[in-house]
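Colleague: In UniProt numbering, the protein residues as written are 1 to 427.
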Ligand code: SF4
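(1) Please find out if some non-hydrogen atom of ligand 1 comes closer than 8 Å to the beta-carbon of residue 274.
(2) According to DSSP, simplified to helix, strand and coil, what is residue 128?
(3) Check whether the Cβ of residue 246 sits closer than 8 Å to any heavy atom of ligand 1, and report yes or no.
(4) Which residues in the same chain as residue 13 place their Cβ atom closer than 7 Å to its Cβ, once the five residues preceding and following it in sequence are excluded?
(5) Any heavy atom of ligand 1 inside 8 Å of the beta-carbon of residue 299?
(6) Would you say the beta carbon of residue 201 comes nearer than 8 Å to a heavy atom of ligand 1?
(7) What is the DSSP secondary structure of residue 374, reduced to helix, strand or coil?
(8) For the beta strand (DSSP E) containing residue 335, name the first residue and the last one.
(9) Secondary structure at residue 13, three-state DSSP: helix, strand or coil?
(10) Run through DSSP, which three-state label would residue 452 get?
(11) Going by the C-beta, is residue 240 closer than 8 Å to any heavy atom of ligand 1?
(12) Would you report the Cα separation of residue 177 and residue 236, rounded to the nearest angstrom?
(13) Buried or exposed: which applies to residue 427, given that a residue is buried once 16 or more other Cβ atoms fall within 10 Å of its Cβ?
(14) Answer with buried or exposed for residue 349, where buried requires no fewer than 16 other C-beta atoms within 10 angstroms of its C-beta.
(15) In chain order, which continuous runs of the alpha helix (DSSP H) of length 4 or greater are located wholly inside the stretch 51-104?
(16) Let me know if residue 391 comes out buried or exposed under the rule of 16 or more other beta-carbons within 10 Å of its beta-carbon.
(17) Ignoring anything shorter than 3 residues or poking outside the stretch 221-271, list the beta strand (DSSP E) runs there in chain order.
(18) Mapping DSSP to helix, strand and coil, what is residue 216?
(19) Assuming residue 68 and residue 105 make a contact with CB atoms under 8 Å, what is their CB distance in whole Å?
(20) Can you give me the Cβ contacts of residue 134 inside the same chain, cut-off strictly under 6 Å, excluding the 5 residues immediately before and after it?
(21) May I have the straight-line CA-CA distance separating residue 387 from residue 34, to the nearest angstrom?
(22) Quick check: what's the CA-CA separation for residue 358 versus residue 256?
(23) What does the Cβ neighbour count give for residue 270, buried or exposed, with the cut at 16 atoms within 10 Å?
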């Protein structure tokens with residue numbers, strides 16, 4: 001089958017991120033003997049025109065469109081990122097009768113809603129490698145695509161069964177300039193290459209949608225394969241990487257093995273990752289530094305013990321402090337994040353969060369006001385119970401939880417806090 005894979009570029013509203021998920025699909029499709037072509041699209045008229053030209057030249061039998069983000073998760077300046085998906089889908093349909101299949105992390109959170117909104121023909125909710133290839137086989141054999149996990153159609157709503165990949169090592173990782181290409185206007189020196197060695201998260205933070213995208217079982221690639229992928233990108237001149245695993249340090253045994261593999265197979269790589277501030281001892285911090293870790297996102301999200309419990313975090317503030325000091329001792333920079341306004345938030349807890357932030361030696365800080373409400377999360381249920389949303393409300397257009405009564409106060413408090421730290425880097 002001839003497959004055109006289209007990436008919806010929306011990351012110019014945030015840090016540039018190469019399309020890892022679509023790259024994995026490209027590598028998977030190729031490994032099954034299909035022909036593919038890649039296109040990075042925006043909703044700019046010139047980009048849509050170029051897309052239609054590519055479609056007419058390549059004559060795809062299937063078009064796969066990645067919807068990675070639903071919105072920018074910013075209550076104060078919301079951007080709805082499915083609008084470009086709709087426009088790109090319309091351009092695809094104008095240029096070809098081939099079916100448009102939508103997938104990606106954003107799609108997986110709202111499969112029925114996004115399929116209806118964008119006008120796509122089919123969708124795959126979950127990790128697409130196996131299910132998308134199975135769908136291509138059905139199309140090739142003109143068979144009914146029945147029973148494919150995650151497959152969604154306008155007359156076949158999502159049945160709750162996510163497309164999954166049980167053995168990550170059975171699928172090839174994407175190669176630079178072959179399965180992943182950077183959008184033309186991006187400065188490659190500032191682009192971080194995402195590398196994913198694990199999918200899923202066994203934890204269950206109250207606001208998080210990861211379990212509904214990747215599942216709660218942690219699936220791991222061999223550390224050597226992941227490190228080898230870093231080296232392949234280094235061979236093409238890339239030097240900066242983002243290890244996009246949900247919690248780099250969990251489990252610690254795997255994290256140590258990955259550090260060892262990176263040190264041996266990709267010396268000179270500089271990378272960042274996300275740390276769950278627990279279970280990170282001195283040996284692991286040292287191994288990370290030796291393997292090229294320059295900075296981490298320290299995922300504590302709050303500075304009040306009650307709010308950490310409300311978020312279902314499995315650590316306390318002392319543990320965050322301990323991990324932060326340990327990372328600093330090994331020269332690893334840290335970004336800290338506050339997620340304010342969630343269920344149970346009070347003026348007092350916000351003040352404690354600010355004081356905790358001030359007590360850490362962070363290199364950058366991000367403060368988010370209000371929690372984006374995602375389906376099938378504890379925050380969703382709390383939002384329904386408090387009347388913030390209705391149970392049958394379509395929350396594809398972003399809806400946020402802010403503890404009732406705190407809305408205006410919180411905005412002013414955050415502005416004052418930021419103004420009182422003119423030398424801090426706020427992301
Ligand atoms: S640790 Fe991270 S990925 Fe896992 S549930 Fe919590 S927020 Fe989500």
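Beta carbons: idealized from backbone N, C-alpha and C, even for Gly.
Bear in mind the structure is a predicted one, so any value in this text is a computation, not a measurement.
Modeller: According to the structure shown:
(1) yes
(2) helix
(3) yes
(4) Per-residue confidence for residue 13 stands at a pLDDT of 48, beneath the threshold of 50, marking its modelled position as unreliable; the derived number appears in the next sentence. Counting only Cβ-Cβ distances below 7 Å, and skipping sequence neighbours, we find 72, 79.
(5) At least one heavy atom of ligand 1 lies closer than 8 Å to the C-beta of residue 299.
(6) yes
(7) coil
(8) 333-340
(9) Residue placement at residue 13 is poorly supported in this model, since its pLDDT is 48, which falls under 50; the coordinates still yield a value, given next. Three-state result, residue 13: helix.
(10) No information on residue 452 is available, as it lies outside the stretch 1 to 427 that the chain covers here.
(11) no
(12) 8 Å
(13) exposed
(14) buried
(15) Taking only runs of at least 4 residues, the alpha helix (DSSP H) segments lying wholly in the stretch 51-104 are 82-95.
(16) By the neighbour-count definition (other C-beta atoms within 10 Å, threshold 16), residue 391 is an exposed residue.
(17) 240-243
(18) coil
(19) 6 Å
(20) A distance below 6 Å between beta-carbons, with the five flanking residues on each side excluded, links residue 134 to the following residues of its chain, in chain order: 148.
(21) Spanning the two alpha carbons is a distance of roughly 49 Å.
(22) Going by the C-alpha atoms only, they are around 31 Å apart.
(23) exposed
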